[in-house]
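Start counting at 1 in the sequence shown, then tack on 1, and there's your number in this note's numbering.
Ideal Cβ placement from N, Cα and C applies to all residues, glycine included.
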Amino acid sequence: MTPKILIVGAGPTGMTAALELARRGIAADIIEKRDAPSPLSRAVGILPSSMAIFAASGVDKVIREAALEVAEVEIFFERKKIVSLHMDADPDPHVRLLSLPQDRTETILRDALANRNVSVRYGKSLERLEQNETHVRVRIDGESAEYDYVLAADGARSTARTQLGLTFEGFDLPETWSIADIEVDDWPRVGFFSVYLRKNGEAVFVIPMEAHRYRLVANAPDALATMPGTVDVSRLNRSGQFTIGIRQVERYSRGRVFLAGDAAHTHSPVGGRGMNLGISDAAEWAQRLADGTLDGYHASRHAAGRKIIDFSESSRKGVLTANRLKRTTTLAALRIFNAIPALNRQMVRRMLLS
Ligand SMILES: Cc1cc2nc3c(=O)[nH]c(=O)nc-3n(C[C@H](O)[C@H](O)[C@H](O)COP(=O)(O)OP(=O)(O)OC[C@H]3O[C@@H](n4cnc5c(N)ncnc54)[C@H](O)[C@@H]3O)c2cc1C
């Protein structure tokens with residue numbers, strides 16, 4: 002008999018899980034507490050690992066058509082360019098960095114689900130969850146229902162994680178981060194992903210989203226003010242501040258309930274892994290559900306999450322530092338990698354495939 006499945010949360014993780022099940026002919030209910038899709042552009046970088054997953058359902062082609070391919074990643078120290086990585090250096094055309102605002106990625110996933118007759122149930126919130134050996138009982142907006150398995154893809158403040166009594170182990174970074182979604186008519190670096198490092202350890206990442214639209218993220222309270230020099234902004238779509246937790250849940254599963262995406266892990270945006278890691282969790286969970294190997298889900302995804310958190314943290318600490326000696330060492334290493342084409346290619350592969 003086909004198991005009855007509930008997916009909680011219709012972010013990229015939840016929708017990928019639903020799609021990966023649907024393409025195998027397994028139906029799932031997917032609920033989302035928002036009344037409507039999120040309009041926020043949050044994660045923009047789509048890595049080869051996610052595109053390989055999307056290829057199985059054909060979504061990769063739609064994303065490739067909609068996304069912008071990042072041509073170069075440039076790193077500046079104050080105003081001096083020290084690295085210029087050619088992101089198309091790898092002969093494998095799949096080893097590329099694509100950029101698409103998260104709301105558009107989510108629209109593509111939602112459309113792909115609709116094509117397979119799966120609709121997200123908006124305005125439905127998981128309130129409670131309890132389980133025994135044979136099923137999980139949930140309360141959704143005051144109504145009870147029973148499922149064989151639940152995938153909690155309900156984000157960093159996961160209700161399911163709290164209900165299961167699982168600890169979100171880790172710490173919060175002390176600094177305030179900021180974001181700005183800007184449009185600039187005459188930005189000279191169209192299609193370039195630029196990183197501006199400052200002496201004081203602050204940095205701003207400028208990520209291309211569309212021809213004249215850019216995302217700024219900084220480890221400082223005002224992303225625009227962290228730019229060296231002035232930027233002639235024609236339109237500010239959104240700006241805001243946020244704090245970052247470097248956290249991982251102690252267990253990715255308890256009984257018949259499984260955690261994936263931000264519900265299971267959070268880290269800094271350095272390395273652009275957050276959304277992509279959730280997509281990988283979702284794909285592996287769906288595969289294991291279909292294969293009957295869910296027992297191995299926790300060990301496998303906990304190890305994968307740990308590796309990415311360590312990668313993101315070592316990148317963050319290496320690049321965003323006010324320590325002069327540490328920074329000089331990092332910049333010297335980057336200059337060497339930049340000067341030798343084979344090392345340049347190796348660095349691109351590490352950035353995109355780690
Ligand atoms: C400002 C900002 C910038 C970011 N930039 C980047 C970036 O550049 N690169 C990157 O990789 N990542 C970035 N991220 C992180 C990225 O957005 C997340 O990693 C990604 O959204 C995780 O997807 P998810 O589906 O696991 O969780 P979410 O996208 O958070 O989705 C969870 C969903 O569950 C729903 N939900 C919550 N509780 C319930 C409930 N009780 N019942 C039903 N539904 C519920 C929520 O409404 C939400 O829609 C950024 C995040 C923020 C906030």
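Query raised in the report: Taking 6 angstroms as the cut-off, does the CB of E33 come closer than this to any heavy atom belonging to ligand 1?
Result: E33 Cβ: within cutoff of ligand 1.
Segment contact, 8 angstroms Cβ cut-off, at least three pairs: the region 65-77 with the region 303-312:
No, because fewer than three Cβ pairs between the region 65-77 and the region 303-312 fall closer than 8 angstroms, the two stretches do not touch.
Original post:
Under the three-state reduction of DSSP, which class applies to M210: helix, strand or coil?
Top reply: Reduced to three states, the DSSP call for M210 is strand.
TODO: Could you tell me which of V320, R350 and R239 sits nearest to V205, measuring between CA atoms?
DONE: The closest CA to that of V205, considering only V320, R350 and R239, is found on V320.
Quiz item: Quick one: is Q132 buried, meaning 16 or more other Cβ sit within 10 Å of its Cβ, or exposed?
Solution: Q132 is buried by the Cβ-count criterion.
inquiry  = Just verifying my parser: in three-state terms, what is the DSSP assignment at L48?
reply    = Looking at L48 - three-state DSSP - the assignment turns out to be coil, as it is neither helix nor strand.
- Identify every run of the alpha helix (DSSP H) within the region 198-245, keeping only runs that are complete inside it and at least 4 residues long; order them along the chain. The region 198-245 contains these whole alpha helix (DSSP H) runs: 224-227.
- [ ] Give the straight-line distance between the Cα atoms of L41 and R138, rounded to the nearest whole angstrom.
- [x] Put simply, the backbone Cα of L41 is about 32 angstroms away from that of R138.
Checklist line | C-alpha gap between A284 and L22, whole angstroms | finding: Linking A284 to L22 through their CA atoms gives a straight-line distance of about 9 angstroms.
Practice item. Using 6 angstroms as the cut-off, classify the Cβ of M379 as near or not near the heavy atoms of ligand 1, replying yes or no. Key: The shown model of the chain, from 2 to 355, leaves out residue 379, and the question about it has no answer.
### Query
Do you know how far the Cα of Q288 is from the Cα of G297?
Taking C-alpha positions only, G297 is separated from Q288 by approximately 11 angstroms.
* Can you list, in chain order, the residues of its chain whose CB lies under 8 angstroms from that of V196, leaving out five sequence neighbours each side? -> Beyond the five residues adjoining it in sequence on each side, V196 comes within less than 8 angstroms, by CB distance, of V74, E75, I76, F77, A204, V205, F206, V207 and V320 in the same chain, given in chain order.
- Item | Helix, strand or coil at G166 [DSSP, three-state] | Three-state result, G166: coil.
- Task: Report yes if the C-beta of G156 is less than 6 angstroms from at least one heavy atom of ligand 1; otherwise report no.
- Result: Checking every heavy atom of ligand 1 against the Cβ of G156, one is found closer than 6 angstroms.
- Enumerated in chain order, which unbroken segments of the beta strand (DSSP E) with a length of 3 residues or greater are wholly contained in the region 258-324? For the region 258-324, the continuous beta strand (DSSP E) assignments of 3+ residues that do not extend past its boundaries occur at 258-260, in sequence order.
*asked:* Check for me: the alpha helix (DSSP H) holding I27 runs from which residue to which?
replied: Taken as a continuous stretch (DSSP letters only), I27 belongs to no alpha helix (DSSP H), as it is neither H nor E.
By DSSP, does A146 sit in helix, in strand, or in coil? DSSP places A146 in strand when its eight states are reduced to three.
**OP:** Thinking D30 and L7 are a contact (beta carbons under 8 angstroms), I'd like their distance in whole angstroms, please.
**Re:** A Cβ-Cβ distance of about 5 angstroms is found for the pair D30 and L7, placing them in contact under the 8 angstroms criterion.
* To do: Would you kindly report the start and end of the unbroken beta strand (DSSP E) that includes R140?
  => Per DSSP, R140 belongs to the beta strand (DSSP E) from V137 to I141.
Any chance the CB of R317 is under 6 angstroms from a heavy atom of ligand 1?
It does not: the Cβ of R317 is nowhere closer than 6 angstroms to a heavy atom of ligand 1.
Return yes when the C-beta of L326 is under 6 angstroms from any heavy atom of ligand 1, and no when it is not.
L326 Cβ: outside cutoff for every heavy atom of ligand 1.
Quick check: I280 and S100, are their CB atoms within less than 7 angstroms of each other? Not a contact, by the Cβ cut-off of 7 angstroms.
Worksheet item: Mind checking P49: buried by the 16 CB within 10 Å criterion, or exposed?
Response: Classification of P49: buried, given that the 10 Å Cβ count is 16 or more.
(request) Just the C-alpha distance for M348 and H95, rounded to the nearest angstrom, thanks. (result) M348 and H95: Cα-Cα distance of roughly 16 angstroms.
Can you find the residues in the same chain that come closer than 6 angstroms, C-beta to C-beta, to S428, ignoring five residues on each side of it along the sequence?
An answer regarding residue 428 cannot be provided, because it is not within the stretch 2 to 355 covered by the chain.
- A18: beta carbon under 6 angstroms from a heavy atom of ligand 1? No, Cβ of A18 sits at least 6 angstroms from all heavy atoms of ligand 1.
Which residues in the same chain as N324 place their Cβ atom closer than 8 angstroms to its Cβ, once the five residues preceding and following it in sequence are excluded? For N324, where only same-chain residues beyond five positions count, the Cβ hits under 8 angstroms are G202.
Does the Cβ of I109 lie closer than 6 angstroms to at least one heavy atom of ligand 1?
Of the heavy atoms belonging to ligand 1, none sits nearer than 6 angstroms to the Cβ of I109.
Check your understanding: Is there contact here, the region 153-164 with the region 176-184, by at least three beta-carbon pairs under 8 angstroms?
Key -> With the rule of 3 Cβ pairs closer than 8 angstroms, the region 153-164 does not count as touching the region 176-184.
Could you tell me whether the Cβ atoms of P270 and Q242 are closer together than 7 angstroms? Taking 7 angstroms as the cut-off, the Cβ atoms of P270 and Q242 do not count as close.
So the beta strand (DSSP E) L127 belongs to, where does it begin and stop? Per DSSP, L127 belongs to the beta strand (DSSP E) from L127 to Q132.
Check: From I83 to A340, what does the alpha carbon distance come to, in whole angstroms?
Finding: In this model, I83 and A340 are separated by some 10 angstroms (Cα to Cα).
*Minimum Cβ-Cβ distance from T244 to chain C less than 7 angstroms*: Within the model displayed, chain C is absent; a lone protein chain is all it includes.
What are the partner residues of Q249, as DSSP defines its beta bridges? DSSP lists E170 and H266 as partners of Q249.
Compute the minimum distance between the beta carbon of D263 and the heavy atoms of ligand 1, and state whether it is under 6 angstroms. D263: yes, Cβ under 6 angstroms from ligand 1.
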